[in-house]
Amino acid sequence: MKTTAFNTIHKSLGAKMVEFAGYEMPVEYSGIKTEHMCVRETVGVFDVSHMGEFWVKGPRALDLVAKITSNDPRILIQGQAQYSCFPNGKGGIVDDLLVYYYEPEKYMLVVNAANIEKDWNWVVAQNEEVGAELENASDNISQLAIQGPKATEVLQKLTDVDLSDIKFYTFTTDKFAGVDDVIISATGYTGAGGFELYFRNDVAEQIWNAIFNAGEEFGIQPIGLAARDTLRLEMGYCLYGNDIDDTTSPIEAGLGWITKFNNGRKFIDREFLTMQKNEGVRRRLRGFVLTERGIPRHGYELVNAEGEVIGNVTSGTMSPVLNKGIGMGYVAKEYSAFGTGIFVKIRNKTIPAEIVKIPFI
157 MKTTAFNTIH
167 KSLGAKMVEF
177 AGYEMPVEYS
187 GIKTEHMCVR
197 ETVGVFDVSH
207 MGEFWVKGPR
217 ALDLVAKITS
227 NDPRILIQGQ
237 AQYSCFPNGK
247 GGIVDDLLVY
257 YYEPEKYMLV
267 VNAANIEKDW
277 NWVVAQNEEV
287 GAELENASDN
297 ISQLAIQGPK
307 ATEVLQKLTD
317 VDLSDIKFYT
327 FTTDKFAGVD
337 DVIISATGYT
347 GAGGFELYFR
357 NDVAEQIWNA
367 IFNAGEEFGI
377 QPIGLAARDT
387 LRLEMGYCLY
397 GNDIDDTTSP
407 IEAGLGWITK
417 FNNGRKFIDR
427 EFLTMQKNEG
437 VRRRLRGFVL
447 TERGIPRHGY
457 ELVNAEGEVI
467 GNVTSGTMSP
477 VLNKGIGMGY
487 VAKEYSAFGT
497 GIFVKIRNKT
507 IPAEIVKIPF
517 I
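Heads up: the sequence shown begins at 157 in our numbering, then just goes up one per residue.
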């Protein structure tokens, strides 16, 4: 298994370590609910160094990014980031990603850890006719996500950058905790506010220690992958491999807002996705809340009152904030209206649920 630059620190803190996307990663430290509520109420730190980072450079950089992503990178101004996905040429999704407009003729693509090799091969293949300069920097970059309502107060102690100027989906590169050229961004995957920091592996321990010293007065805690999943699910954020994959289109997944057809831009699957947008889809990704006790899990069937299968659960958990079972899943469009009653098959029981708007909180 690969390890991040923080592996020794995780183990010294007593983290429960698991294999995830080929990396040995902390799944929890003090307990999922404790860590979840720490992020919602104060501030927590995630090691997300397993994520992948690709640089796209040169005079053809924008041409390539505009071709391979569903959102429109041409509308970005320097210092902005954008949520997007790679359409796979067959109506599905290679991966979802973040596009950072770093400087003229230079973009950073941040991809999911489990898909680094797959995504890299896809980008390289699509670049053959374009000719941008590509660099896979995934093994050279560490990343921490500092999330929660106290994140700004903690991190402001460590930089002269006015963090209040870094609006949602923008970033800057500056000095942080005595380290030059740290990318400070605000994209978030928890809905609790905060920042992501990208930096060289060799300064990882220095930055970790500085953040935890600065956050001591707020009860800062390290947070594992399990709470990261419950936090993102309360916000209704998609997880690749669960809610979206090579068989789901961004239109079905409710990601029409990152699928832009403006100004005649030619991108992969444009024609197919235009057809879906205009003609509609047979199923939709929806959030639901159980109205009786139970916990929905990935793969469980969704059924109607007659017991007929109408869809399946893609993500599910017990919401620590709501103290209710919540989930996301694809349902037949006739059951996708908000307020519709459905049922989740949990072992030998059918538990009633209601289709709701997301985020859940």
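Each residue gets a CB set at the ideal place from its N, CA and C atoms; glycine is no exception. In this text the structure is predicted, and so the values were computed from the model without any measurement.
Could you round the C-beta distance between K172 and P182 to whole angstroms and report it? I think they count as a contact, below 8 Å.
7 Å
For the candidate residues I424, D275 and A161, whose alpha-carbon lies nearest to that of L290?
Closest by C-alpha distance to L290, out of I424, D275 and A161, is D275.
Which value, in whole angstroms, describes the spacing of the CA atoms of L429 and I224?
Computed Cα separation, rounded: 14 Å.
Which word fits A461, buried or exposed, when buried means at least 16 other C-beta atoms lie within 10 angstroms of its C-beta?
Under the 10 Å beta carbon count, A461 is surrounded by fewer than 16 other beta carbons and is classified as exposed.
Could you tell me which residues DSSP pairs with D252 in its beta bridges?
C241
Note down, in chain order, each residue of its chain lying with its Cβ closer than 6 Å to the Cβ of N268, except the 5 sequence neighbours on either side.
So the list reads D251 and Y396, once near-sequence residues are dropped.
Along the alpha helix (DSSP H) that carries M193, what are the first and last residues, could you check?
I188 to E197
Measuring straight from C-alpha to C-alpha, what distance separates H520 and A370?
The chain is shown from 157 up to 517; residue 520 falls before or after that span and cannot be answered.
Compute the distance between the beta-carbons of G443 and V512, then report whether it is under 8 Å.
Between G443 and V512, the C-beta gap is smaller than 8 Å, which places the two residues in contact.
Quick one: Cα of I322 to Cα of T308, how far?
10 Å
Give the DSSP-derived three-state secondary structure of P229 in the structure shown.
For P229, the secondary structure class from DSSP, reduced to helix, strand or coil, is helix.
Between which two residues does the alpha helix (DSSP H) carrying A370 extend?
A360 to A370
Using the rule of at least 16 other Cβ atoms within 10 Å of the residue's Cβ for burial, across every protein chain shown, is I376 buried or exposed?
The residue in question, I376, is buried, as its Cβ has 16 or more Cβ neighbours within 10 Å.
Once DSSP output is grouped into helix, strand and coil, what is the label at M157?
coil
Quick check on this structure: which residue in E510, N296 and W364 has the alpha carbon closest to the alpha carbon of W211?
Among E510, N296 and W364, the Cα nearest to that of W211 is on N296.
Output the boundary residues of the beta strand (DSSP E) element that contains A301.
I297 to Q303
Is DSSP giving F431 helix, strand or coil here?
The residue asked about is misnamed: residue 431 is Met in this sequence, not Phe. Of the three classes helix, strand and coil, the one that applies to M431 here is helix, per DSSP.
Kindly indicate which three-state DSSP category D203 falls into: helix, strand or coil?
strand
So, D203 versus F176, is the Cβ gap smaller than 8 Å?
no
For F499, which three-state DSSP category applies?
strand
For R356, which of helix, strand or coil comes out of DSSP?
Strand.
Go to E273, then tell me how far its alpha helix (DSSP H) extends in each direction, as first and last residue.
Element bounds for E273: I272 to Q282.
Look at the Cβ atom of G287, then the Cβ atom of R230, and state whether they are nearer than 8 Å.
No.
Is it true that the CB of I482 sits closer than 8 Å to the CB of T470?
no
Once DSSP output is grouped into helix, strand and coil, what is the label at D401?
coil
Can you round the beta-carbon distance between Q299 and E373 to whole angstroms, since I take them to be within the 8 Å contact cut?
With 8 Å as the limit, Q299 and E373 do not qualify as a contact, their Cβ atoms being about 25 Å apart.
Look up A488 in the DSSP assignment and say whether it is helix, strand or coil.
Looking at A488 - three-state DSSP - the assignment turns out to be strand.
Figure out for me which residue from E285, M264 and Q238 has the closest Cα to the Cα of N292.
M264
Using a threshold of 8 Å, state whether the C-beta atoms of V255 and A270 are closer than that.
Not in contact: V255 and A270 (Cβ atoms no closer than 8 Å).
With a threshold of 8 Å, are at least 3 pairs of Cβ atoms found where one atom belongs to the region 349–366 and the other to the region 301–321?
yes
According to DSSP, what are the bridge partners of D330?
V338
Assuming G208 and I272 make a contact with CB atoms under 8 Å, what is their CB distance in whole Å?
For a cut-off of 8 Å, the C-beta gap from G208 to I272 is around 4 Å, short enough to register as a contact.
Just to confirm, is the Cβ distance from I424 to G235 under 8 Å?
no
Would L169 and Y179 be called neighbours here (beta carbons separated by less than 8 Å)?
no
What residues are listed by DSSP as bridge partners for L290?
According to the DSSP secondary-structure assignment, L290 is paired through a beta bridge with V212.
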